[in-house]
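In terms of the numbering used here, the sequence shown is numbered consecutively and its last residue is 422.
Worksheet: the structure to be examined is printed underneath.
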Amino acid sequence: MRSISMSAGRSINLALSDRGLRGLEAAGIVDDILSVAIPMHGRMMHSIDGSEHYQPYGKEGQAINSVSRGGINKALLECADGFSNVNITFNVRCSHVDLETATAHFTHPDGTTSIIESDCIIATDGAYSAVREVMQKTDRFNYQQSYIEHGYKELHIPADEHGAFTMEKHALHIWPRKQYMMIALPNMDGSFTCTLFFPFEGDPSFASLQSDEEIMSFFTEQFPDALAMMPTLLEDYKKNPVSSLVTVRAFPWAYKDKVLLMGDSAHAIVPFFGQGMNAGFEDCRVFDEMLAVHSSDDWTSLFHAYELARKPNGDAIAELALNNFIEMRDLVADPEFLRRKKAERMLSDMFPDAFHTAYSMVTFNHMPYSEALRRGKLNESIIDSMLEIPGILESDPESHKTALETLIREYGERIKLA
5 MRSISMSAGR SINLALSDRG LRGLEAAGIV DDILSVAIPM HGRMMHSIDG
55 SEHYQPYGKE GQAINSVSRG GINKALLECA DGFSNVNITF NVRCSHVDLE
105 TATAHFTHPD GTTSIIESDC IIATDGAYSA VREVMQKTDR FNYQQSYIEH
155 GYKELHIPAD EHGAFTMEKH ALHIWPRKQY MMIALPNMDG SFTCTLFFPF
205 EGDPSFASLQ SDEEIMSFFT EQFPDALAMM PTLLEDYKKN PVSSLVTVRA
255 FPWAYKDKVL LMGDSAHAIV PFFGQGMNAG FEDCRVFDEM LAVHSSDDWT
305 SLFHAYELAR KPNGDAIAEL ALNNFIEMRD LVADPEFLRR KKAERMLSDM
355 FPDAFHTAYS MVTFNHMPYS EALRRGKLNE SIIDSMLEIP GILESDPESH
405 KTALETLIRE YGERIKLA
């Protein structure tokens with residue numbers, strides 16, 4: 005394998021869930037990845053007073069996995085490198101493409117350029133795609149990018165002096181503080197990678213926290229339990245960059261039979277549902293399945309079928325991810341939100357085959373994201389009706405089973421009306 009730094013990338017940890025696992029399974033490397041993954045069975049909420057509250061993600065045994073970005077990159081590169089018809093080139097930048105001829109221009113570190121001609125280009129060159137930039141100049145190409153007012157900075161909680169975890173290993177840790185939050189994911193070496201999601205401007209914000217005193221005062225006030233485990237906070241805070249968070253919506257994703265956008269180049273999303281990588285792997289799996297059933301000499305139809313199938317799902321997960329930011333940041337400690345979550349779990353436990361939580365439909369299911377979004381909105385209306393039943397959360401659920409069964413039947417009929 006060629007020598008390359010595997011620490012490259014803006015986020016050290018990624019959340020790998022069922023959709024991504026299914027794609028890695030098709031590539032034959034899922035076991036390799038899971039062997040160096042840490043399952044996270046739920047969220048651990050950290051209140052400002054230091055108390056903790058655990059919220060399971062799904063049913064017993066269900067978990068999302070904390071994995072190393074570098075580890076996944078390495079495994080995928082080694083998998084691709086095993087095919088004699090695959091050539092991998094590092095440290096070059098795509099500077100231009102000719103859409104009509106599927107010709108790509110590359111710039112090398114020494115300033116020289118090269119041109120590669122191909123039958124078609126599948127562009128997975130990220131949220132700031134050079135290929136998409138060329139497509140944007142074509143007629144009737146729709147493009148939108150939007151940034152949220154928050155950026156993020158990575159921080160660090162090391163293992164203790166014995167190399168052990170200082171917090172619960174099998175949880176994603178969240179410090180929700182209304183207008184901002186911090187999260188932490190476990191690493192195999194006993195440490196946690198923390199990410200502070202924080203406004204760029206205002207008070208408090210990245211702009212307002214400049215001096216050592218301001219940084220320490222803020223963390224002492226807002227994250228006292230985390231601060232006690234962060235001996236390198238000042239160094240990390242001042243050294244690590246602030247990165248922005250963008251959502252990209254574009255269409256069409258294809259140009260004739262020559263070019264296809266895939267992954268972030270087509271549908272970059274914010275990270276708050278942990279689905280960016282998983283959506284990309286699902287893109288690959290869906291495309292591979294379509295490739296198997298379409299004529300090998302009609303790439304125009306294949307590309308068009310793919311973009312029609314995946315575009316609604318790219319839009320849906322973008323909406324879900326933005327909504328989940330509000331939930332993680334503002335609502336997870338809100339009494340009314342927790343009341344609704346209790347009702348949601350009651351329905352899921354009583355009717356496991358008929359009612360699925362929005363989170364489980366996205367994370368532990370393979371239904372289209374667009375369908376998960378639609379059903380999630382229906383979930384909210386059924387919970388509204390459920391909470392109108394007096395004493396529903398305080399009494400034995402079995403005493404309300406008949407009423408709840410009626411709601412579930414109505415819910416099932418509404419699902420079928422799609």
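Even for Gly, the Cβ is constructed at its ideal location relative to N, Cα and C.
Point to revise | Among G24, L351, I42, I419, the one whose alpha carbon lies nearest that of H174 | key: Working through the sequence shown from its first residue, we reach residue 174 at position 170. Ranking G24, L351, I42, I419 by Cα distance to H174 puts I42 first.
Practice item. Could you check what DSSP says for F341 in three-state terms: helix, strand or coil? Key: Your numbering for residue 341 matches position 337 in the sequence shown. Here F341 sits in helix by DSSP.
Exercise for review: Take every Cβ of the segment 163-170, pair it with every Cβ of the segment 16-23, and state whether three or more of those distances are shorter than 8 angstroms.
Suggested key: no
Practice item. May I ask you to check if the CB of I396 is nearer than 6 angstroms to at least one heavy atom of the ligand PLP? Key: In the structure shown, the ligand PLP is absent, as is every other ligand, since no ligand is present at all.
Practice item. Just tell me which of D129, G74, N77 has its CA closest to the CA of S99. Key: In the sequence shown, counting from the first residue as 1, residue 99 sits at position 95. Of the candidates D129, G74, N77, the one whose C-alpha sits nearest the C-alpha of S99 is D129.
Practice item. Closer than 8 angstroms by C-beta to M354: which residues in its own chain qualify, once you throw out the five before and the five after it? Chain order, please. Key: Position 350 of the sequence shown holds residue 354. Same-chain partners within the cutoff: P401, K405, L408.
Review point. Is the segment 261-274 touching the segment 78-97, taking contact as three or more C-beta pairs under 8 angstroms?
Key: no
Point to revise | Beta-carbon contacts of A347 that lie in its chain and below 8 angstroms, excluding the five residues immediately before and after | key: Indexing the sequence shown from 1 puts residue 347 at position 343. So the qualifying residues of the chain are I387, M390, L391, I396, L397.
Check your understanding: In its own chain, which residues sit with a C-beta less than 6 angstroms from the C-beta of I120, not counting the 5 before and 5 after it?
Key -> Start at 1 with the first residue of the sequence shown, and residue 120 comes out as number 116. Within the same chain, I120 has close Cβ partners A108.
Point to revise | DSSP state of R144 mapped onto helix, strand, coil | key: Stepping through the sequence shown from its first residue, residue 144 is reached at position 140. DSSP places R144 in coil when its eight states are reduced to three.
Exercise for review: Spell out the partners DSSP gives C20 in its beta bridges.
Suggested key: Here residue 20 is taken as the residue at index 16 of the sequence shown, counted from 1. The residue asked about is misnamed: residue 20 is Leu in this sequence, not Cys. Answer by DSSP bridge pairing, in chain order: N69.
Practice item. Can you grab the Cα-Cα spacing for the pair R47 / G62, in whole Å? Key: Counted from its first residue, the sequence shown places residue 47 at position 43. Counted from its first residue, the sequence shown places residue 62 at position 58. Between R47 and G62, the C-alpha separation is close to 11 angstroms.
Exercise for review: Using 10 angstroms around the beta-carbon of L238, count the other beta-carbons present and answer buried if the total reaches 16, otherwise exposed.
Suggested key: Looking up residue 238 in the sequence shown gives position 234. Its Cβ having fewer than 16 others within 10 Å, L238 is exposed.
Practice item. Grab me the residues of G278's own chain with a C-beta within less than 7 angstroms of its C-beta, minus the 5 sequence neighbours each way, in chain order. Key: Locating residue 278 in the sequence shown gives position 274, where the first residue counts as 1. Here the set comprises A19, S21, I68.
**Study point:** Cα-Cα separation, C288 to M185
**Key:** For the purposes of this step, residue 288 is identified with residue 284 of the sequence shown, where counting begins at 1. For the purposes of this step, residue 185 is identified with residue 181 of the sequence shown, where counting begins at 1. Cα to Cα, C288 sits roughly 32 angstroms from M185.
Check your understanding: Which residues in the same chain have their Cβ closer than 8 angstroms to the Cβ of V34, if we skip the five residues on either side of it in sequence?
Key -> The sequence position of residue 34 within the sequence shown is 30, counting from 1. So the list reads L25, L28, once near-sequence residues are dropped.
Check your understanding: Roughly how many whole angstroms lie between the Cα atoms of G115 and C124?
Key -> In the sequence shown, counting from the first residue as 1, residue 115 sits at position 111. In the sequence shown, counting from the first residue as 1, residue 124 sits at position 120. So the alpha carbons of these two residues sit roughly 26 angstroms apart.
Review point. Taking C-beta to C-beta, are Y156 and F201 nearer than 7 angstroms?
Key: Walking along the sequence shown from the start, residue 156 turns up at place 152. Walking along the sequence shown from the start, residue 201 turns up at place 197. In this structure, F201 lies closer than 7 angstroms to Y156 by Cβ.
Review point. How far does the alpha helix (DSSP H) with R314 in it reach, from first residue to last?
Key: Residue mapping note: residue 314 aligns to position 310 of the sequence shown, counting from 1. Here the alpha helix (DSSP H) through R314 covers 303-330.
Exercise for review: Would you tell me roughly how many angstroms separate the C-alpha atoms of V366 and A376, rounded to the nearest one?
Suggested key: Sequence index remark: in the sequence shown, residue 366 carries index 362 (1-based). Sequence index remark: in the sequence shown, residue 376 carries index 372 (1-based). Each residue's alpha carbon lies about 6 angstroms from the other.
**Study point:** Residue from A84, E384, Q183 with nearest C-alpha to R418
**Key:** Taking the first residue of the sequence shown as position 1, residue 418 is located at position 414. If we check each option's Cα against that of R418, E384 comes out closest.
**Study point:** Simplified DSSP assignment, three categories, for F201
**Key:** Residue mapping note: residue 201 aligns to position 197 of the sequence shown, counting from 1. Note: F201 maps to strand in three-state DSSP.
Review point. How would you call I161, buried or exposed, if buried means at least 16 neighbouring beta carbons within 10 angstroms?
Key: If you number the sequence shown from 1, residue 161 lands on position 157. Answer is buried; the Cβ neighbour count reaches 16.
Review point. In whole angstroms, what separates the C-alpha of G74 from that of E293?
Key: Taking the sequence shown and counting its residues from 1, one reaches residue 74 at position 70. Taking the sequence shown and counting its residues from 1, one reaches residue 293 at position 289. Taking the straight line joining both Cα atoms gives about 27 angstroms.
**Study point:** Inter-residue CB distance, Q149 and V250 (contact presumed, cutoff 8 angstroms)
**Key:** Position 145 of the sequence shown, counted from the first residue, corresponds to residue 149. Position 246 of the sequence shown, counted from the first residue, corresponds to residue 250. With 8 angstroms as the limit, Q149 and V250 qualify as a contact, their Cβ atoms being about 6 angstroms apart.
Review point. Hey, quick one: how far does the beta strand (DSSP E) through F276 stretch, first residue to last?
Key: In the sequence shown, counting from the first residue as 1, residue 276 sits at position 272. No beta strand (DSSP E) holds F276; DSSP gives it neither H nor E.
Review point. E158: which of N146, Y147, I187 sits nearest, CA to CA?
Key: For this step, residue 158 is matched to residue 154 along the sequence shown. Checking every option, the nearest Cα to that of E158 belongs to I187.
**Study point:** Distance, C198 Cα to L38 Cα
**Key:** Within the sequence shown, the letter at position 34 stands for residue 38. Within the sequence shown, the letter at position 194 stands for residue 198. Cα-Cα distance, rounded: 21 angstroms.
Exercise for review: Report yes if the CB atom of A131 is closer than 7 angstroms to the CB atom of D334, and no otherwise.
Suggested key: By one-based count along the sequence shown, residue 131 stands at place 127. By one-based count along the sequence shown, residue 334 stands at place 330. No, they are not a contact pair.
Check your understanding: Is it buried or exposed for P394, if we count other Cβ within 10 angstroms and need 16 for buried?
Key -> If you number the sequence shown from 1, residue 394 lands on position 390. Burial call: exposed.
Check your understanding: What span of residues does the alpha helix (DSSP H) with F223 cover, start to end?
Key -> In the sequence shown, counting from the first residue as 1, residue 223 sits at position 219. F223 -> alpha helix (DSSP H) spans 216-226.
Check your understanding: What is the DSSP secondary structure of S248, counted as helix, strand or coil?
Key -> Along the sequence shown, read from residue 1 onward, the residue named residue 248 stands at position 244. The answer is strand: DSSP assigns S248 an E or B state.
Check your understanding: Among V290, S299, I321, which has the Cα closest to the Cα of A313?
Key -> In the sequence shown, counting from the first residue as 1, residue 313 sits at position 309. For the residues V290, S299, I321, the minimum Cα distance to A313 belongs to V290.
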